[in-house]
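2 protein chains.
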Amino acid sequence: MNGDFDWNLAKSFLAVFDLGSLSAAARSTGLSQPTLGRHVSELETSLGILLFERSRDGLKPTPAALAIAQEARNFADAGGRIAMLAAGRSQSVSGTVRITASEIVASYLLPQILGPMLAALPGIDIELVATNTVENLLRRDADIAIRMVEPQQLDLIARKIAELPIGVYATRSYLEKHGTPATLEEFRHHVVIGYDRSDLVLRGFASIGYSIDQSFFRLRMDSQHAAFEALLAGAGIGFAPLWLASRHANLVRFAEAFSIRPMQMWLVAHAELRTSAKIRAVYDHLGAAFANMDLGR
Amino acid sequence: MNGDFDWNLAKSFLAVFDLGSLSAAARSTGLSQPTLGRHVSELETSLGILLFERSRDGLKPTPAALAIAQEARNFADAGGRIAMLAAGRSQSVSGTVRITASEIVASYLLPQILGPMLAALPGIDIELVATNTVENLLRRDADIAIRMVEPQQLDLIARKIAELPIGVYATRSYLEKHGTPATLEEFRHHVVIGYDRSDLVLRGFASIGYSIDQSFFRLRMDSQHAAFEALLAGAGIGFAPLWLASRHANLVRFAEAFSIRPMQMWLVAHAELRTSAKIRAVYDHLGAAFANMDLGR
DNA sequence: TTTTAGATATTCGAAAATGAATGGGAAAAT
DNA sequence: ATTTTCCCATTCATTTTCGAATATCTAAAA
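Chains as they are written, first to last, in our numbering: chain A, 1365 to 1661; chain B, 1365 to 1661.
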């Protein structure tokens, strides 16, 4: 074939394209910066076009690169589907299973589950990705996801593993200093801590007839972790699942009348992977572990 | 990413899958047989499934391999589209242009055209693929194709470059020995030479009211070349374009009443490649060269 | 029975790809 | 003004990958 280039170079190209610099791409891919630089140059000569303009702070994609990137994405997706198809047919109960979950779940809930699981499933390694961006299961960025919303795509299999009540909290000292708000109007005089990427609380209020928007939150953070730490530090009023907040004695729950709709937790995997022994084992184990866990308070 | 394998291995896998043996794949890919063997094993361990059963005469795909192959084909197609997109944006008038044409066109028509073209377009190399299977332009198996039928796909640009009259021929000695048939019925007592993969002659007869089928041809060959050589050797009666047959003094044209529909010749390229300087140059040159050629006799 | 042809597997030296270290430059922070 | 912090490019020793040669096996042909 004529139009034949080293297919691995597309990987490096995409990483550099997405992250904007060789160095950043190197950090994310596990390759070295010189290697990525070479890959990009090699791809450029083998395709016969200039893909990036090298500048002081990174590689700026040329118009050609923008066009190529789109097709390269399809290419990568097809590659992911191959891996997924293969994983679905693999019958060995060993290897690595990749789980993705939100920061909070990954740091406060999973650790106690993963330990016993690794003991129960020798031969299986777990890779845990704590991210609040939703990884793409269809592309096999992860094998199993724990999500807070019910997945809609047809290719996914899902199972609701918990309903998590949410409460309104602040530290004891914060409330002593600023008082305990009781009506929605009083909330507006407080620092309310919000998590940027979720409209869970907004929808919760809407469902009980209160219409609020992002400005309701005086302190907005893009990290669940940071938001909860801010709450713990007495920076203001926040929303948290009971199971998490109840671990901290200095957090006080109040305004229980504002009953936010409970958060749902879903275990999700790709349908193809139902047949993979190792992924099935982990999926089932996670499901059972969450079922035995009392997250109601 | 977890499901991450060496994308180049997919190339080797497809070659081995299609050709059925490491050795055959080695011949076709330019890699060596040990390398392909290693690639397949490597892919197997990295995907976690067995792809082939090694046997005395080749590698037999497992069911898993059959499933994977389909997706791998998509993968390869996407790779081809990347190459095509890139080629379309390449503005350098140098490099290799890949042309595909039928055996006959490639051996008797193109040589006289390609010489002057290479002189006129320094920096451009030509790769000529003489095949009667239609190469896939959409996948960039070739840049430019010369075809005998009007292409239907929307993504292709095409230009009719010639109408080639077809005549009925036999060698002088054949006709002296067996007589000159005049009616269709008389043809049936002769050895008529046909080319397996084309129904051109069949349709030609149909268009003037004679219904015949493959059994009309006593000698069927899957190579245009071989068929024409058989005609030249006096093996029977055959059909040939005038420009080709008229080069041979011992071929006699007869039965001109059976006017086969003239063969059309199309120059075809992918629409994306209209913008590629080097491909455009070759395309235009070929178009002009054929226009200046008298193929009517 | 022996030979031939075609297949995969193995060995080993050569070639290619890789990454750590380093150099150098420009913007941002101090 | 100076330091720090990002970048990218280059160099070189090391690791990885590759192919020629070879061994071995099997079915078919001689």
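Idealized CB from N, CA, C, for every residue including glycine.
Check                                                                                                                                                                                                    : Outcome
For I1413/B, which residues in chain A fall below 7 Å Cβ to Cβ?                                                                                                                                          : A1450, R1453 and S1454
Considering only residues of the segment 1555 to 1605 of chain B, which uninterrupted alpha helix (DSSP H) runs meet the minimum length of 4 residues and lie entirely inside it, listed in chain order? : 1564 to 1571 and 1588 to 1596
Let me know the secondary structure DSSP gives I1446/B once reduced to three states.                                                                                                                     : helix
Answer yes or no: does any C-beta atom of chain A fall closer than 8 Å to that of R1445/B?                                                                                                               : yes
Using Cβ-Cβ distances below 8 Å, what residues of the segment 1371 to 1386 of chain A are close to chain B?                                                                                              : W1371, N1372, A1374 and K1375
So does D1507/A have its beta carbon nearer than 7 Å to some heavy atom of the ligand GTP?                                                                                                               : In the structure on display, the ligand GTP does not appear, and there are no ligands present to speak of.
Roughly how many angstroms separate the alpha carbons of S1466/B and R1511/B, rounded to a whole number?                                                                                                 : 7 Å
Roughly how many angstroms separate the alpha carbons of H1589/B and L1414/A, rounded to a whole number?                                                                                                 : 43 Å
Considering only their Cβ atoms, is the gap separating A1633/B from L1430/B smaller than 8 Å?                                                                                                            : no
At a CB distance below 7 Å, what residues from the segment 1454 to 1484 of chain B approach chain A? Give them in sequence order.                                                                        : S1454, S1456, G1459, T1460 and R1462
Whole angstroms are fine: how far does the CA of N1372/B sit from the CA of I1509/B?                                                                                                                     : Per the sequence presented here, residue 1509/B reads as Ala, with Ile not at that position. Taking the straight line joining both Cα atoms gives about 27 Å.
Hey, does A1436/B have any beta-carbon neighbour from chain A nearer than 8 Å?                                                                                                                           : yes
Using C-beta distances below 7 Å, list every residue in its chain close to T1464/B, excluding the 5 sequence neighbours before and after it, in chain order.                                             : V1493, T1495, E1499, A1506 and A1509
For chain B, check one thing: does any of its Cβ atoms lie closer than 8 Å to the Cβ of A1431/A?                                                                                                         : yes
For I1601/A versus H1553/A, is the C-beta spacing smaller than 8 Å?                                                                                                                                      : no
For E1514/B, would you say it is in contact with chain A, using Cβ-to-Cβ distances shorter than 8 Å as the test?                                                                                         : no
Using a beta-carbon distance below 8 Å, is F1439/A in contact with chain B?                                                                                                                              : yes
CB-CB under 7 Å to G1487/B, same chain, minus the five flanking residues each way: which ones, in chain order?                                                                                           : V1457 and S1458
In terms of residue numbering, what span does the beta strand (DSSP E) encompassing R1523/A cover?                                                                                                       : L1520 to L1528
Taking 8 Å as the CB-CB cut-off, is A1570/A touching chain B?                                                                                                                                            : no
How many Å lie between I1557/A and L1518/A at the Cα?                                                                                                                                                    : 35 Å
Verify whether the separation of the beta carbon atoms of W1630/B and A1522/B is less than 8 Å.                                                                                                          : yes
Identify the continuous beta strand (DSSP E) that holds S1537/B and give its terminal residues.                                                                                                          : Note, S1537/B: premise wrong, no beta strand (DSSP E); alpha helix (DSSP H) at R1536 to H1542.
Assuming V1565/A contacts I1624/A (C-beta within less than 8 Å), just tell me the rounded distance between them.                                                                                         : 6 Å
Would you identify the three-state DSSP class for G1422/A, choosing helix, strand or coil?                                                                                                               : strand
Considering just the uninterrupted stretch of the alpha helix (DSSP H) at L1548/A, what are its terminal residues?                                                                                       : L1548 to F1551
Between K1642/A and R1453/A, what straight-line distance do the alpha-carbon atoms span, to the nearest angstrom?                                                                                        : 10 Å
Report back the beta-carbon spacing between Y1533/B and G1598/B to the nearest angstrom; my notes put them in contact at under 8 Å.                                                                      : With 8 Å as the limit, Y1533/B and G1598/B do not qualify as a contact, their Cβ atoms being about 11 Å apart.
Can we say the segment 1380 to 1395 of chain B touches the segment 1417 to 1429 of chain B, given the rule of at least three CB pairs closer than 8 Å?                                                   : yes
In this structure, does DSSP put H1612/A in helix, strand or coil?                                                                                                                                       : coil
R1567/B: buried (16+ other C-beta within 10 angstroms of its C-beta) or exposed?                                                                                                                         : exposed
Please list the terminal residues of the continuous alpha helix (DSSP H) segment that includes I1670/B.                                                                                                  : No answer is possible for residue 1670/B: the residues shown for chain B start at 1365 and end at 1661.
Any idea if A1546/B is buried or exposed, counting beta-carbon neighbours within 10 angstroms, 16 or more meaning buried?                                                                                : exposed
Flag this pair as yes or no: are the beta carbons of A1450/B and G1412/A separated by less than 8 Å?                                                                                                     : yes
In terms of residues, what are the limits of the beta strand (DSSP E) holding G1479/A?                                                                                                                   : G1479/A -> not in any beta strand (DSSP E); alpha helix (DSSP H) instead, spanning L1474 to A1484.
For chain A, find out if any of its Cβ atoms is closer than 8 Å to the Cβ of F1369/B; answer yes or no.                                                                                                  : yes
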